[in-house]
Amino acid sequence: MRRHAALAEVTARRVILIVADDLGHGDLGINNGGATATPAIERIMAEGATLTRCYSASPVCAPARAGLLTGRYPHRTGAVTPQEMLGLDRLALDERTIADVFVDAGWRTGLVGKWHNGALDERYHPTARGFQEFVGFSGGWMDYWEWRLEEGLEVRASDGSYLTDALTDAALDFIRRHADEPFFLTLAYNAPHAPLQAPAERVRRHLDRGASPTLARLYAMVEELDGGIGRVLDALDDLDLADDTLIIFLSDNGPAFEVNPNIPREDGVGTDLTRPNLGLRGSKRSVYEGGIRVPGAIRWPAAVQAGSRHEGVVHFVDLLPTILSITGVPQSSGLPLDGIDRSDELTGARPEAEIDRFWQWNLYEPVAATNAAHRAGPWKLVLPALNWEPATDRDAALVAAHRRLELEHVYDPDSAPHEVSSERPRLRWPTPSDPQLYNLDLDPEERHDVAASYPERAAAMRRVLETWFTEVERDRTRGPAHPRSDRMEERQ
């Protein structure tokens with residue numbers, strides 16, 4: 001792997017990748033006028049670089065993490081949607097994760113917190129995907145008080161502590177035990193993903209400031225998350241590890257503005273989480289900027305200027321090659337990457353490289369014409385999300401059953417099925433909407449669709465998007481691990 005002269009004399013010997021869940025730009029105190037106190041996250045920014053145009057690989061959890069872990073578009077990996085009960089969150093077995101690469105280089109690897117890239121089959125378990133140590137949960141979310149955490153392949157029930165604190169404790173244990181050796185640790189918090197639960201005293205402080213019962217819990221969860229990150233930073237200082245530890249902080253996708261009504265919540269707590277997010281359009285599940293442009297920061301004292309702002313586009317798939325470059329770890333054999341090394345840009349060594357980026361997401365099997373986007377320089381083409389319906393009453397019953405299974409696996413895992421469902425509902429889709437075109441340099445909030453003014457550009461970008469979709473879907477169905485459903489979607 002080529003390394004720039006600025007990096008030739010320095011390498012990070014430890015990497016901590018911190019991933020929040022459903023955190024928005026507006027959830028940070030620096031962006032919300034102090035509605036929340038987030039000194040630890042802001043410390044990473046102040047002591048490193050803020051990634052102002054950091055893009056997730058997807059507007060939802062599992063595919064976003066797949067892109068982050070593999071350096072490849074989520075569709076290629078098989079992890080196309082969060083539905084672990086259907087196996088659609090799984091990384092194909094021939095995919096290699098960044099943890100696999102570090103193990104090959106002799107580093108110690110650990111995952112603390114959320115996995116969400118394969119459940120109900122040990123072949124897809126984190127300990128089979130490069131993580132030598134795992135303390136966390138395999139699915140998409142977990143109760144903050146009545147949690148169950150896997151430690152390796154064993155399960156530990158809640159001791160009454162708050163989940164965010166329990167995950168921080170596990171991360172600190174890993175750091176202290178491996179302080180004298182190179183390590184790669186992913187600390188994937190559940191917060192502030194639902195259920196909306198937080199210590200009562202912290203919730204009360206936000207209620208006293210006038211926040212709604214719903215937002216008071218969300219903001220309290222954000223502050224608990226920040227407190228955990230602060231404990232990690234303090235531990236690195238105490239162990240004299242901070243200077244040669246690379247820290248990357250991200251949210252997996254944009255903020256959720258609506259709580260899943262099927263997830264239990266306390267009396268008086270609603271489902272509306274609408275809140276400021278730098279004015280960005282959309283939220284989690286949407287390929288508008290609010291769903292995919294996420295908070296991000298990198299701290300590496302050896303080469304990243306403190307307090308700097310990186311204005312170039314950094315996509316999740318770029319982080320694997322970038323981290324390997326910073327650590328001097330060679331990319332071991334594996335499938336071709338979609339990401340490129342951004343380490344030179346982050347250290348100010350050369351201008352950013354322009355490269356087209358793509359997104360697409362819907363529940364169940366991917367459909368090209370809905371909720372897709374293509375960014376090329378300042379231009380962004382969007383195919384708006386379409387609202388599907390189950391084709392028949394039986395298909396509607398299947399959708400409802402899949403939602404019940406998700407709850408059962410969190411709250412009653414011993415009674416829930418221990419294999420994925422092979423049944424997919426047939427879906428009825430409306431006629432696709434016209435594509436939209438935005439110039440993000442002039443219109444970062446995506447308020448002014450200029451497709452009618454630039455029809456040739458919009459048409460060309462759509463053709464490139466459709467070519468990309470065909471390619472990654474062909475890659476997704478390349479082997480037996482992720483065969484395409486034989487239940488075809490219907491269109492009106």
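Residue numbers (full-length UniProt numbering): 1 to 492. Note that CB positions come from ideal geometry on N, CA and C, so glycine has one too.
Environment of residue i [buried if 16+ CB atoms lie within 10 Å]
{"i": "D226", "result": "buried"}
{"i": "D100", "result": "buried"}
{"i": "D395", "result": "buried"}
{"i": "V155", "result": "exposed"}
{"i": "H310", "result": "buried"}
{"i": "L246", "result": "buried"}
{"i": "R176", "result": "exposed"}
{"i": "G291", "result": "buried"}
{"i": "H448", "result": "exposed"}
{"i": "E266", "result": "exposed"}
{"i": "S58", "result": "buried"}
Given residue i as reference, the closest of the options once Cα atoms are compared
{"i": "R474", "options": "D443, R76, H310, P435", "result": "R76"}
{"i": "A188", "options": "G140, L207, R205, E181", "result": "G140"}
{"i": "E151", "options": "F184, Y144, P182, K114", "result": "K114"}
{"i": "P264", "options": "M221, S433, Y144", "result": "Y144"}
{"i": "residue 525", "options": "A105, E345, V232", "result": "Since the first residue of the chain shown is 1 and the last is 492, residue 525 is not available in this structure."}
{"i": "D441", "options": "A459, T467, E466, W379", "result": "W379"}
{"i": "E289", "options": "H374, P321, L93", "result": "H374"}
{"i": "G67", "options": "G348, P455, D21, G339", "result": "G339"}
{"i": "residue 498", "options": "S308, P435, D173", "result": "Lying before the first or after the last residue shown, residue 498 is absent from the chain, which here runs from 1 to 492."}
Residues near residue i in its chain [Cβ-Cβ closer than 6 Å; skip 5 each side]
{"i": "G296", "result": "L51, C54, L250"}
{"i": "G230", "result": "A40"}
{"i": "E84", "result": "A119, G139"}
{"i": "D239", "result": "According to the sequence displayed, residue 239 carries Leu and not Asp. Excluding residues within five positions, the ones whose Cβ falls inside 6 Å are A179."}
{"i": "E95", "result": "T70, T77"}
{"i": "N31", "result": "H25"}
Euclidean distance between Cα positions of residue i and residue j
{"i": "R299", "j": "S333", "result": "28 Å"}
{"i": "I98", "j": "F184", "result": "9 Å"}
{"i": "G136", "j": "R129", "result": "14 Å"}
{"i": "D341", "j": "D244", "result": "19 Å"}
{"i": "A166", "j": "P430", "result": "45 Å"}
{"i": "A12", "j": "C61", "result": "28 Å"}
{"i": "V420", "j": "N362", "result": "19 Å"}
{"i": "R457", "j": "I323", "result": "35 Å"}
{"i": "A372", "j": "R209", "result": "39 Å"}
{"i": "A211", "j": "R478", "result": "50 Å"}
{"i": "I16", "j": "P390", "result": "42 Å"}
Cβ shell of residue i (< 7 Å), same chain only, five flanking positions each side left out
{"i": "A416", "result": "L405, E408, H409"}
{"i": "L241", "result": "R14, A179"}
{"i": "R202", "result": "A220, E223, E224"}
{"i": "M45", "result": "A297"}
Paired residues, beta bridge with residue i - DSSP
{"i": "R156", "result": "L149"}
{"i": "Y438", "result": "K380"}
{"i": "Q132", "result": "Q132 is not bridged to any residue."}
{"i": "I298", "result": "A49, I248"}
{"i": "R375", "result": "R357, K380"}
Spatial neighbours of residue i in its chain, beta-carbon cut-off 8 Å, leaving aside the 5 residues before and after
{"i": "G160", "result": "W145"}
{"i": "P432", "result": "A369, T370, L383, L386"}
Residue i CB to nearest heavy atom of the ligand GDP below 7 Å
{"i": "R90", "result": "Among the components of this structure there are no ligands whatsoever, and the ligand GDP is therefore not found."}
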